[in-house]
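Residue numbers (the working numbering), protein chains in the order written: chain A, 1 to 160; chain B, 161 to 320. All residues carry an ideal CB built from backbone N, CA and C; glycine is no exception. None of these values were measured; they are calculated from a predicted model.
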DNA sequence: ACAAAGTATCTTATTCAATAAGATAAATAT
DNA sequence: ATATTTATCTTATTGAATAAGATACTTTGT
């Protein structure tokens, strides 16, 4: 067997990494879908709840950007989430045209229970994992998250 | 500042990791949504294309399991994908009730172009990354992917 | 200070993906 | 052989998301 050059080896590692990452993502998307189903929500709703948890209260407009929905779509989604008690609109002190979406933390705790099984498994997995390696992974993720995501236009191709 | 115990430190690392992971996932979901938009597809369609790429040809039934759709939903999605030339149904040699969904690789290459920008960035990022650390990350992802995902029922809560 | 332009959200009519329930056909079990 | 199970498809229906435009507030330019 011919020995690999360092760069070939590194390319192979990168390819494996991408592959494992894609598997991971596919699994997460399916899991989210299942949880959403259980809660009577849509993947889009789940995504919004996650975003609000991660980034804190934000305007419907920003939520539209972060979910890829139109602002009209966000309006009806918020009506839905508000009616079901997941979130509420509060006036934005900085701009009276605007509104801030806040989560209902009690309700979110209930949502969290649906992630309980996977959280437990993940918790045990991580607790048993070598600290040094976890730190390496954290660094990796943090850096990858800081990559400015790319020049994708938010809108559809127009036919000319 | 009080010094942290090792287990406290490890718990903190785990929490950071989960947080970064959630950010990563939210970003990926948004990106997928954007690409789907561009292609005139739905997130569900994208997910199916990804699954078929990752796992190879499979039956509509398995696709239903992996996407969380009903089999009827898969049927119409496949009609859609087939009409648009992304995939085709071929008879399953092992079971004549059944069918295998194959991707159109030429068309998938075109889909890949929409991931071009991010792939380039990711490629450069990974090429510049220390090989040892990438290997650590690959190991991490591989193990996390092998965790048998959890006891979530595929169906909605019934009201009793 | 005022009008014009810009921005943020909401409204409404419409479209079409997804579901639910059941039909069809083939495989497996009794 | 017949019954049961499994795999996909069909059809009617629902409702999420869009597109286009309305409303309300802010900012900018004169």
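Under the three-state reduction of DSSP output, residue 117 (chain A) falls in the helix class.
Using a CB distance cut-off of 8 Å, residue 235 (chain B) does not count as an interface residue toward chain A. For residue 78 (chain A), no Cβ of chain B is located within less than 8 Å of the residue's own Cβ. For residue 293 (chain B), the chain A residues whose C-beta falls within less than 8 Å of its own C-beta are 136, 139, 140, listed in chain order. Cα atoms of residue 60 (chain A) and residue 91 (chain A): separation of roughly 11 Å, rounded to the nearest angstrom.
In the DSSP assignment, the residues bridged to residue 88 (chain A) are A:102. Taking a Cβ-Cβ cut-off of 7 Å, the neighbours of residue 22 (chain A) in chain B comprise 210, 214, given in sequence order. Pairing residue 170 (chain B) with residue 179 (chain B), the inter-Cα distance amounts to about 14 Å. Listed along chain A, no residue sits closer than 7 Å to residue 264 (chain B) by beta-carbon distance, the nearest being about 19 Å off. Contact of residue 223 (chain B) with chain A by beta-carbon distance below 8 Å is absent, the smallest such distance being about 11 Å. The beta carbon of residue 10 (chain A) falls within 8 Å of a beta carbon belonging to chain B, placing the residue at that interface. For the stretch 244 to 276 of chain B, the set of residues with a beta-carbon nearer than 7 Å to any beta-carbon of chain A is empty. Counting along the chain, the unbroken alpha helix (DSSP H) around residue 233 (chain B) starts and ends at 231 to 243.
Taking 8 Å as the threshold, the shortest C-beta distance from residue 220 (chain B) to chain A does not fall below it.
If you check the CB distance, residue 247 (chain B) and residue 264 (chain B) come in under 8 Å. Leaving aside the five residues that flank residue 196 (chain B) on each side, the residues in its chain whose CB is nearer than 7 Å to its CB run, in chain order, 202, 203, 205, 206. For residue 255 (chain B), no alpha helix (DSSP H) run applies, since DSSP gives it neither H nor E. CA-CA distance, residue 301 (chain B) to residue 58 (chain A), rounds to 32 Å.
Distance from residue 293 (chain B) to residue 136 (chain A) at the Cβ level is roughly 5 Å; contact confirmed, criterion being Cβ atoms closer than 8 Å.
In chain order, 59, 60, 89, 90, 91, 92 place their CB closer than 8 Å to the CB of residue 99 (chain A), counting only its own chain and leaving out the 5 sequence neighbours on each side. Annotation for residue 201 (chain B): no alpha helix (DSSP H) segment contains it, and DSSP assigns it neither H nor E. For residue 268 (chain B), DSSP records no beta bridge to any residue.
Counted as a single uninterrupted DSSP element, the stretch harbouring residue 219 (chain B) is not any alpha helix (DSSP H), since DSSP gives it neither H nor E.
The C-alpha of residue 290 (chain B) is placed about 32 Å away from the C-alpha of residue 31 (chain A).
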